[in-house]
Amino acid sequence: MDEIRGGNTGDGTDGDGIRATAAGTAPVPLSVLDLVTVGQGRTATQALRTGVEIAKLTESRGFHRYWVAEHHSMPGVASSSPAVILAHIAAHTDRIRLGSGGVMLPNHAPLVIAEQFGTLEAMAPGRVDLGLGRAPGTDGATAAALRRSDRLNEGADDFPQQLMELIRFLDDDFPDGHPYARIHAVPGPVQATADGGVQSAHRPPVWLLGSSGFSARLAGTLGLPFAFAHHFSAQNTIPALDLYRDSFRPSAVLDTPYALIGVSALAADDEREARRQVLTGALSMVRLRTGRPGLIPSPEEAAAYDFSPMEREFVDGWLSNVIHGTPDEVRTGLDDLAKRTGADELMITANAHGGDARLRSYELIADAYGLPRDA
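Using our numbering, you'd call the opening residue of the sequence shown number 19 and step up by one each time.
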C-alpha cells in the first residue's frame, strides 16, 4: 500500500490540526460529536439551529472540535449531509475545528469527497477534519439506494483502495500514467501550481473511524489518527485502541499514535433530570434496533413507556455506557474513562430530546472542568 504523504500537515509539524492541548482541569482535550437530533414536536430547522448554538458555545468554552456524522433514513437524525452542515457551522464560528465523524466513504465517489472538503477548507482554512468510515450509516436497503448497487460488501472490501484514491485527490499527486493523473479536486493543491496560483497547499487531515478492529489496524499501519465509536461499541474500545497502537507506524502525518473516542455523556443540574433526559435516547435506540426509527421521544413519553423485559435489558445495557448525572458525576466518569482507555481526546455526544438540555450539558461539563469562557 502506498505511503501516506504529508500533504495534510500544512507546516510540516507532527499532527498539524490533529493534536490538541487539554483546557482547564480536563484530563485530555474535549470535543463534540453532534448527531443533529430531531425531537418529537421539533423540526430539522430547529435541530440545525441548535447545532449552531452548540458549536458557538463549545467554541467559546475551549472545546477543540465539532464533528457531525453521516446518517441516512433516520427521522430523528438530521445529519445526512455533513459537508453542508459544516459549511453552515463554519459561517457561525471562528476557531473550533470542524469535521466529519464521519463521512461514509463507500457511499460516495472519492473525488466528490475531495471536492467537498476542499471547498470546506477554502471556507474555513486550517480548521477542517475529514473523518472517514466504511459502514453505510444506515440500513442495507438505504445503502443500496445510495450506492445504486445491492452488492454492499464490495464497498466495504474496497475501502483501503478508495481511501488511497481519496488521499491522492486531496494531495493532487497521482503518478504519471495513472488514469486520474490529469484530474484535479478543486478547490485543492492544483490551484497553487497553476500560473499565478496562490492557493494554500494545506488540506484537511484524514482520520479513520471505526467500531471494531479493521479501521484501527488500517489507521495504525498508515500512521493516521484514529477515532473509535466507544459510545455504541464500548466492549471493543480497549482491544481496538491496543490494536491501533500496536500496529502504528510513524508517517509524515504523525510520529506517534493519536486516538480519540466518542463518548455519550450528559450532565444536568441533578441526577434525576439527567436520567430523565438520557432515557429519551435509550428509547430512541430501542426503536431503531427493532426497525422502528423515529423522532427522539420526549422525556414524558420515555418516562411513561412500558418497556418489555427484553427492551428493559437493552436499555439498562445501553445506559450503562452513557455517563450521566450531576456535573461532578460526569466529570468523574470522563476522568475514569480517559484513564482506563488512555485516549488522547474525548469527543462528547449529548443525546436528548431538546436542544436546551444538550446545551446545558455542555455548559455544565465545561464548568466542571473550569474551561475558560470566551476562549
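C-beta atoms are modelled at their ideal positions from N, C-alpha and C, and glycine is treated no differently. Here the structure is a predicted model, which is why all the values come from computation and not from measurement.
CB contact flag (residue i, residue j, <8 Å)
i	j	result
leucine 364	valine 304	no
leucine 278	serine 379	no
alanine 316	glycine 57	Reading the sequence as shown, one finds serine at residue 316 and not alanine. Their beta carbons are under 8 Å apart, which means serine 316 touches glycine 57 by this criterion.
alanine 108	alanine 62	no
alanine 38	glycine 149	no
glycine 144	glycine 299	no
With 16 other Cβ atoms within 10 Å as the buried cut-off, status of residue i
i	result
proline 399	Any answer about residue 399 is impossible in this case: the structure gives the chain only from 19 up to 393.
phenylalanine 250	exposed
histidine 110	exposed
threonine 211	exposed
glutamine 180	buried
glycine 343	buried
threonine 367	buried
aspartate 112	exposed
glycine 214	exposed
arginine 307	exposed
asparagine 26	Residue placement at asparagine 26 is flagged as unreliable, the pLDDT there being 43, under the threshold of 50; a coordinate-derived value is accordingly withheld.
arginine 12	Residue 12 lies beyond the residue range present for the chain, which begins at 19 and ends at 393; the question has no answer from this structure.
proline 222	buried
glutamine 295	buried
Cα-Cα separation between residue i and residue j, rounded to whole angstroms
i	j	result
glycine 238	valine 54	30 Å
glutamate 133	tryptophan 225	17 Å
glycine 24	alanine 270	Any reading at glycine 24 needs caution, since the residue's pLDDT is 47, under 50, leaving its predicted position unreliable; the model's value is listed next. If you take the alpha carbons of glycine 24 and alanine 270, they lie about 5 Å apart.
glycine 94	arginine 115	25 Å
valine 333	leucine 301	7 Å
valine 340	glycine 151	23 Å
tyrosine 387	isoleucine 314	29 Å
valine 204	aspartate 190	10 Å
arginine 263	arginine 358	15 Å
proline 345	leucine 352	10 Å
Beta-bridge partners of residue i, as assigned by DSSP
i	result
arginine 83	Arg115
valine 146	Leu116
threonine 55	Val95
phenylalanine 282	The sequence as given places serine at residue 282; phenylalanine does not occur at that position. In DSSP, serine 282 forms a bridge with Thr367.
alanine 277	Phe244
valine 50	Tyr84, Ile366
isoleucine 341	Ala283
glycine 228	Phe246
Distance between beta carbons of residue j and residue i, contact taken as under 8 Å
i	j	result
phenylalanine 177	leucine 123	6 Å
leucine 272	arginine 235	The pair is not a contact, with the Cβ atoms about 15 Å apart (cut-off 8 Å).
valine 130	leucine 104	At roughly 15 Å, the Cβ-Cβ gap does not stay under 8 Å, so valine 130 and leucine 104 are not in contact.
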